[in-house]
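Residue numbers (my numbering): 61 to 224.
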């Protein structure tokens with residue numbers, strides 16, 4: 061949502077970039093030769109592992125975007141349940157919290173196998189930049205993206221992003 065808070069900067073941004081993969085783009089396969097990828101969210105299941113390795117192999121600059129990608133944040137709360145808690149998580153989500161048809165989906169491809177623990181992106185692949193925040197604020201996103209578009213290495217200090 062913070063990305064949408066960029067308001068009119070989104071118009072300027074649209075003139076300078078091509079979005080090639082996103083939940084709002086119909087592309088089914090992550091393309092080759094991507095300049096920048098903003099990865100939002102932690103690594104929680106086997107599908108995520110496959111995807112982040114594909115992203116790293118096909119992308120010049122990888123950014124952990126937001127606290128879930130950077131630290132695991134809220135998604136990593138299940139780590140405190142201890143190792144081997146995947147069935148407990150599925151039981152809670154699909155049975156205990158269900159209002160209709162309480163059952164854990166078992167068919168292949170419906171629920172990717174969960175990892176024993178949720179991990180931040182940098183524990184799985186090399187990350188070039190970290191943009192913290194839950195979510196990162198619109199001014200931080202704008203500053204960060206502007207620096208990238210200018211060909212600068214984004215300067216991150218404390219809670220502010222500074223131009224180098």
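All residues carry an ideal CB built from backbone N, CA and C; glycine is no exception.
{"Query": "If we call anything under 7 Å between Cβ atoms a contact, is residue 91 one with residue 80?", "Result": "yes"}
{"Query": "Whole angstroms are fine: how far does the CA of residue 97 sit from the CA of residue 128?", "Result": "15 Å"}
{"Query": "With burial defined as no fewer than 16 other Cβ atoms inside 10 Å of the residue's Cβ, what is the status of residue 113: buried or exposed?", "Result": "exposed"}
{"Query": "Going by DSSP, name the residue or residues bridged to residue 192.", "Result": "DSSP output for residue 192 lists no bridge partner at all."}
{"Query": "Run the CB neighbour count on residue 213, radius 10 Å, all protein chains shown included, and call it buried at 16 or more, exposed below.", "Result": "exposed"}
{"Query": "Assuming residue 119 is part of the beta strand (DSSP E), what are its boundary residues?", "Result": "119-125"}
{"Query": "What residue range is occupied by the uninterrupted beta strand (DSSP E) comprising residue 133?", "Result": "No beta strand (DSSP E) holds residue 133; DSSP gives it neither H nor E."}
{"Query": "Rounded to whole angstroms, what's the CA-CA distance from residue 139 to residue 174? Just pull it up for me.", "Result": "12 Å"}
{"Query": "Are residue 196 and residue 126 close, meaning C-beta to C-beta below 7 Å?", "Result": "yes"}
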